[in-house]
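Enquirer: Following this message is one structure expressed as structure tokens.
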Amino acid sequence: MPELPEVETTRRGIAPHVAGRTVRELVVRQRALRWPVPKALAERLRGQRIESVERRAKYLLLHAAPGAVIVHLGMSGSLRVLAPDVPVRAHDHVDLVLDSGKLLRFNDPRRFGCWLWQPAGSTHALLRGLGPEPLGDTFDGDHLWQRARGRKGPVKNFLMDQKIVVGVGNIYAAEALFRAGIAPGRAAGRVSRDRYVALAGHVRAILAHAITRGGTTLRDFISPDGSPGYFEQELAVYGREGEACRACGGDLRSVRIGARASVYCPRCQR
DNA sequence: CATCGGACCTGTTAGC
DNA sequence: TGCTAACAGGTCCGAT
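Counting in the working numbering, the first sequence runs from 4 upward without gaps.
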């Protein structure tokens, strides 16, 4: 589910309810997520004031004085702000109970998400080596072009490599490549500088626009207030295999690249 | 270092 | 209708 726009939508949804609040307790019902939720996490958080909620790549960071909680939504995770009397449902693995009386509830059927701890002054290994934020100042076509020198793998994998640029997953990679007219299977090193400039612009535009739409809801993504995202209606290629290309009318085709379905238009994308 | 395949886990859907 | 297999938005890790 969650690529950058969904994580950012989540951040914006929870921040007003979480920032400035103090943690009453952390309730962990299922410790076995992508990595075990540290046993000491509840103790570390109890009584701490959450100062801010930051996003880095697809990670959410809940900052407190002694450190930060690192939350990743994995492929099926979601966070919701709820009243304490809302019944626990299947896959509600973690509750962060706040002094406002509300709680932040983490639900994740596939358990690919994580809740980890990062002591103040350190950078967790997961956050090291990440590429630039696609909506930040250091991301542009030149960056992509430089990093693509000598790379023979498909440009789609390159674009989804979090060391190159963060936040772009399968959906938005497919969409950005369509808009840029680049075939997803083309070798990353064989895309011109000009086309990388176009691609970077489309990545930026599509992510920014998807955020304004509240992200993409395919199956189970919901924002913290329970509403879905509305970007799905604007997808040009993702999930549209066999349907007509909105630009040329030809049939969209799906190929597997790196074990991921990759839909594209063979006529518009080269 | 780049690239590839497997792994983690459960729910939904396509196909027989 | 019912069972099984394939597939799903992420990304780490180890082997090559």
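Where is the CB? At the ideal position from N, CA and C, for every residue including glycine.
#1: Determine which residues share a DSSP beta bridge with GLN121 and list them.
#2: Alpha carbon to alpha carbon, how far is ARG274 from ILE209?
#3: Go to TYR57, then tell me how far its beta strand (DSSP E) extends in each direction, as first and last residue.
#4: Given this structure, state the Cα-to-Cα distance separating ILE73 from GLU57, to the nearest angstrom.
#5: Provide the residue span of the beta strand (DSSP E) that contains ARG182, from first to last.
#6: VAL158 lies in the alpha helix (DSSP H); which residues open and close that run?
#7: Specify the secondary structure class of ASP111 as computed by DSSP and reduced to three states.
#8: Would you kindly report the start and end of the unbroken alpha helix (DSSP H) that includes ASP197?
#9: Among ILE167, GLY253, GLY132 and ARG47, which has the Cα closest to the Cα of CYS268?
#10: For the alpha helix (DSSP H) that contains HIS146, what are its first and last residues?
#11: Taking the alpha-carbon positions, what's the GLY245 to ILE185 distance?
#12: Taking VAL26 and LEU99 to be in contact with their CB atoms under 8 Å, please state how far apart those CB atoms are, rounded to whole angstroms.
#13: Here's a check: name, in chain order, each residue in its chain whose Cβ is nearer than 6 Å to the Cβ of VAL40, leaving out the five neighbours to either side.
#14: Which residues in the same chain as TYR241 place their Cβ atom closer than 7 Å to its Cβ, once the five residues preceding and following it in sequence are excluded?
#15: Pairing CB atoms from the region 138 to 146 with CB atoms from the region 184 to 204, are three or more of them under 8 Å?
#16: Could you pull the start and end residues of the alpha helix (DSSP H) that ALA18 belongs to?
#17: Helix, strand or coil for GLU235 per DSSP?
#18: Looking at the structure shown, is GLU136 part of a helix, part of a strand, or coil, going by DSSP?
#19: For the alpha helix (DSSP H) that LEU48 lies in, which residues bound it at each end?
#20: Kindly indicate which residue of GLN165, ALA183 and GLY188 has the alpha-carbon position closest to the one of ARG196.
#21: For ARG83, is the classification buried or exposed, using 16 other Cβ atoms within 10 angstroms of its Cβ as the cut-off for buried?
Expert: Taking the definition as stated:
#1: Numbered from 1 along the first sequence, position 118 holds the residue referred to as residue 121. Note: GLN121 sits in a beta bridge opposite ALA71.
#2: Because the chain spans 4 through 273 in this model, residue 274 falls outside it and cannot be assessed.
#3: As a first step, residue 57 must be located in the first sequence, where it is residue number 54. For clarity, residue 57 is Glu in the given sequence; the question names Tyr instead. Its beta strand (DSSP E) spans residues 55 to 59.
#4: Indexing the first sequence from 1 puts residue 73 at position 70. Indexing the first sequence from 1 puts residue 57 at position 54. Their backbone Cα atoms lie some 10 Å apart in a straight line.
#5: Taking the first residue of the first sequence as 1, we reach residue 182 at position 179. Unbroken run through ARG182 is the alpha helix (DSSP H), 173 to 183; no beta strand (DSSP E).
#6: Taking the first sequence and counting its residues from 1, the one referred to as residue 158 is at position 155. Element bounds for VAL158: 158 to 163.
#7: The residue you call residue 111 lines up with position 108 of the first sequence. It is coil, neither helix nor strand.
#8: Here the question's residue 197 lines up with position 194 in the first sequence. Its alpha helix (DSSP H) spans residues 196 to 215.
#9: Position 265 of the first sequence, counted from the start, is the residue given in the question as residue 268. Taking only the C-alpha atoms, the option nearest CYS268 is GLY253.
#10: The residue labelled residue 146 in the question sits at position 143 within the first sequence. For HIS146, the enclosing alpha helix (DSSP H) stretches over residues 144 to 151.
#11: The count along the first sequence starts at 1 and reaches residue 245 at position 242. The count along the first sequence starts at 1 and reaches residue 185 at position 182. Cα-Cα distance, rounded: 19 Å.
#12: By 1-based counting over the first sequence, the position of residue 26 is 23. By 1-based counting over the first sequence, the position of residue 99 is 96. With a Cβ gap of about 6 Å, VAL26 and LEU99 count as contacting.
#13: On the first sequence, position 37 is the one that residue 40 refers to. Excluding residues within five positions, the ones whose Cβ falls inside 6 Å are VAL31, ARG34 and TRP118.
#14: One-based indexing of the first sequence puts residue 241 at position 238. Excluding residues within five positions, the ones whose Cβ falls inside 7 Å are ILE174, ALA177, GLU178 and VAL266.
#15: yes
#16: Here residue 18 refers to the residue found at position 15 of the first sequence. ALA18 -> alpha helix (DSSP H) spans 7 to 21.
#17: Start at 1 with the first residue of the first sequence, and residue 235 comes out as number 232. Three-state DSSP puts GLU235 in a helix.
#18: To locate residue 136, count along the first sequence from 1; it is residue 133. In this structure, GLU136 counts as coil in the three-state DSSP scheme.
#19: To locate residue 48, count along the first sequence from 1; it is residue 45. Residues 44 to 48.
#20: By one-based count along the first sequence, residue 196 stands at place 193. Closest option to ARG196, Cα to Cα, is ALA183.
#21: As a working note, residue 83 is residue 80 in the first sequence. Burial call: buried.
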